[in-house]
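Undergrad: Numbers given in my numbering equal positions in the sequence shown, counted from 1, plus 2. One structure follows; several queries about it will come next.
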Amino acid sequence: MVIKLKLMRLDGYLSQAYIYKAVLLLFLLGCTREHREYIHSDEEQETARLQELAEMDLILDGHQLANAYCNVCHIKPEPDLLTKNVWKGNVLPDMRKRMGLLYPHESKSIPGTIEAKIYHDHTYISIENYAKIEEYYVQNAPEQPLPQNQHQEILLGIPGFELESPDFPYKKPSVTTMLRKGERDNLILLGDRLNSLYVIDHKNQIILDSIPIDSPASDIRLKKSKGFDLLTMGKMDPSSEAIGSYWDYSILGDDKIDSKKLINSLNRPVNFSFADLNQNGHEDVVISNFGNHMGSLSWYEKNESGYQEHVLRNHPGARRSIIKDMNGDGLPDIVVLMAQAKEGVYIFYNKGSGQFKEEMVLQFHPLFGLSDFELVDFNGDGHLDILLTNGDNADLSAISKNYHGVRIFLNDTKNHFDEKWFFPMYGASRAVAGDFNGDGNIDIAAISFFPNKAQSPRQDFLYFDNEGDFNFKPYALDVPLDANWLILEKADIDGDGDEDLLLGSFKFSDMKSFGFALSEFNENWKPYYILKNQFVR
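Dropping the structure here:
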């Protein structure tokens, strides 16, 4: 089907009526019965719409072409989100390749991405139209990143918390990937990039046990019986190799450990959650296969022979799932944060018998950098709100972004969410909430894995004291720490009745040690720090 569509010009301007008709026609083409009969995935719909665009002879400027092309696969990003050089040198060339337009010196694609329809083997945009889109973005983008909006002054010192620094007698790289409180007070479980799982006596600063694992740990769950479930990533760096695993560890007599791989071939899994999703008496598991170009959100049905995978969303970027009954029907629903281009928060409503209905409740542009979320009832109305961070900055646009930060989206009681509060924080990667000071208001702690190191005060950790009515007073650490925060957890580490904050450090500078023998590493091991809560005694 070839469509020739010429837009009339009136007094030197494109007729808005004709533009409207063109866009409307394009939309309708993507929704015809002809296409509904054979389109079964987002990728097929997107490919069909790109094909329709390629076959249309549209006389459009760069802005109009960007509106047409950049809304096919995700929300169109505006030019001022990035700088001129990042658009021209990094982001736009990748988009061009994804639409199958390669220059003679460029390779076809990353292996496997043609089959997954990440990079196409068919060209969906002409060189001329791509040049117009490039010109539109470059002309309208700033030379330098836009500054953050004015915000409340950040005070130094975390009120009510005392910083405890580690003092281990070991020389190791501090490359922590997972932290969790153990089954008793002052016991910490720590996973790192060196494929080790440590059991640590925090009070006496000694390693009680070191368990070799197949790859870096990303999540853990302590079982009521002795033992734990463990999720390992496979490859930590961006990769589409599906070599992650879900393990069961049992503690046998004489403290011997038995491990069993329950699910393999996972694509960079970063989080798991558990519930009997189909109400058959067996506990199922939801795994966020973050992946890279390829990945998925899947639930794995427990049966007599093992686990059967059911893909809920066949896209990369699944960061965290939380299982809650979101509509009060008594069935466990799945709430998930998805990053990687199609950024948003989704609810998978449980319809019974293992069937789910997907609903996107928050949607963001592909540069937003979603990094983590929690469900918290901030206003006490009995409905869960969303605490969200966006600050992922490890892709093609590693510049400071003024729209990175910590956000609260309030639930209107019907699972529709509107932003209530935002605080800018470069590279924000995780936030946790709790009434840490016991005043009846929910406070927030947040970390950044990609901070702007030129800022003063340093803003890689911020504590927000909720004074009521969503008035949060921000605080930063008053002690400079040689750390890079990847992990933030809350737990009553010492058993005194209040929640402490556990921060895990993944230092980029320690990565150089992987190029030589670890025995030559000569820096003290400081894999985590604790902010000890002093409010409740």
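Note that CB positions come from ideal geometry on N, CA and C, so glycine has one too. On a predicted model such as this, the values are computed, not experimentally measured, just so you know.
Nearest to Leu199 by alpha carbon, out of Leu232, Ser227, Pro171?
TA: Checked all of Leu232, Ser227, Pro171; the closest Cα to Leu199 is Leu232.
Undergrad: Give the single residue among Glu501, Glu525, Asn526, Gln150 whose Cα lies nearest to the Cα of Phe163.
TA: Glu501
Undergrad: Are there 16 or more other CB atoms within 10 angstroms of the CB of Ser227, so buried, or fewer, so exposed?
TA: exposed
Undergrad: How would you write the range of the alpha helix (DSSP H) that Ile129 sits in, first residue to last?
TA: 129-142
Undergrad: Which two residues bound the contiguous alpha helix (DSSP H) that contains Gly64?
TA: For Gly64, the enclosing alpha helix (DSSP H) has its first and last residue at 64-71.
Undergrad: Secondary structure at Glu285, three-state DSSP: helix, strand or coil?
TA: coil
Undergrad: Grab the span of the beta strand (DSSP E) containing Met340 for me, first residue to last.
TA: 335-340
Undergrad: Please report the residue range of the alpha helix (DSSP H) in which Asp44 lies.
TA: 44-57
Undergrad: Could you check if Gly255 is buried or exposed, using at least 16 other CB atoms within 10 Å of its CB as the buried criterion?
TA: exposed
Undergrad: Taking the alpha-carbon positions, what's the Asp44 to Phe350 distance?
TA: 17 Å
Undergrad: Which class does Phe537 belong to by DSSP, given the choice of helix, strand or coil?
TA: coil
Undergrad: Since I believe Gln146 is in contact with Phe170 (beta carbons under 8 Å), could you give me their beta-carbon distance rounded to a whole number of angstroms?
TA: Wrong, their Cβ atoms sit about 42 Å apart, outside the cutoff.
Undergrad: With distance defined between alpha-carbon atoms, name the residue in Leu386, Ser323, Leu479, Gln365 nearest to Gln414.
TA: Note that residue 414 is Asp in the sequence shown, not Gln. Among Leu386, Ser323, Leu479, Gln365, the Cα nearest to that of Asp414 belongs to Leu386.
Undergrad: Three or more C-beta pairs under 8 Å: does that hold for the stretch 49-59 against the stretch 89-98?
TA: no
Undergrad: Check Lys183 in the structure and name its three-state DSSP category.
TA: strand
Undergrad: Given a cut-off of 9 Å on the beta-carbon distance, is the pair Asn273 and Ser298 in contact?
TA: no
Undergrad: What whole-angstrom Cβ distance do Lys528 and Ser176 have, given they're in contact under 8 Å?
TA: 5 Å
Undergrad: Return the bridge partner residues of Glu376 from the DSSP annotation.
TA: Leu389
Undergrad: DSSP beta-bridge partners for Tyr248?
TA: Tyr248 is bridged to Leu233, Ile265.
Undergrad: How big is the Cα-Cα spacing for Asp512 and Ser242?
TA: When rounded, the distance between both Cα atoms is 25 Å.
Undergrad: State yes or no: is the C-beta of Tyr477 within less than 9 Å of the C-beta of Leu464?
TA: yes
Undergrad: Give a yes or no on whether the C-beta atoms belonging to Lys492 and Val408 are separated by under 9 Å.
TA: no
Undergrad: Could you name the residues of the same chain whose beta carbon sits closer than 6 Å to that of Ile127, not counting the 5 residues immediately before and after it, in chain order?
TA: Closer than 6 Å at the Cβ level, and outside the excluded window around Ile127, lie Met101, Leu103.
Undergrad: With DSSP as the reference, label Met362 as helix, strand or coil.
TA: strand
Undergrad: Measure the alpha-carbon distance for Pro334 versus Lys359 and round it to whole angstroms.
TA: 12 Å
Undergrad: Could you pull the start and end residues of the alpha helix (DSSP H) that Arg98 belongs to?
TA: Per DSSP, Arg98 is one residue of the alpha helix (DSSP H) stretching across 94-100.
Undergrad: Using the Cα positions of Asp194 and Asn142, report the straight-line distance between them to the nearest angstrom.
TA: 43 Å
Undergrad: Considering Cα atoms alone, identify which of Glu108, Lys90, Ala430 is closest to Ala133.
TA: Lys90
Undergrad: For the beta strand (DSSP E) that contains Ala430, what are its first and last residues?
TA: 430-436
Undergrad: Label His76 either buried or exposed according to how many other C-beta atoms from any shown protein chain fall within 10 Å of its C-beta, with 16 as the threshold for buried.
TA: buried
Undergrad: How should Asp187 be labelled, buried or exposed, when 16 other C-beta atoms within 10 angstroms of its C-beta is the threshold for buried?
TA: exposed
Undergrad: With DSSP as the reference, label Tyr15 as helix, strand or coil.
TA: Its pLDDT being 39, under 50, Tyr15 is placed unreliably in this model, and the coordinates cannot settle the point.
Undergrad: Taking the beta carbon of Phe510 as the centre, do at least 16 other beta carbons fall within 10 Å, making it buried, or is it exposed?
TA: exposed
Undergrad: Please report how far the alpha carbon of Asp257 lies from the alpha carbon of Gly229, in whole angstroms.
TA: 10 Å
Undergrad: Within 8 Å, do at least three Cβ pairs link the stretch 382-399 to the stretch 296-314?
TA: no
Undergrad: How would you label Gly330, buried or exposed, when you count the other beta carbons within 10 angstroms and need 16 or more for buried?
TA: Under this definition Gly330 is an exposed residue.
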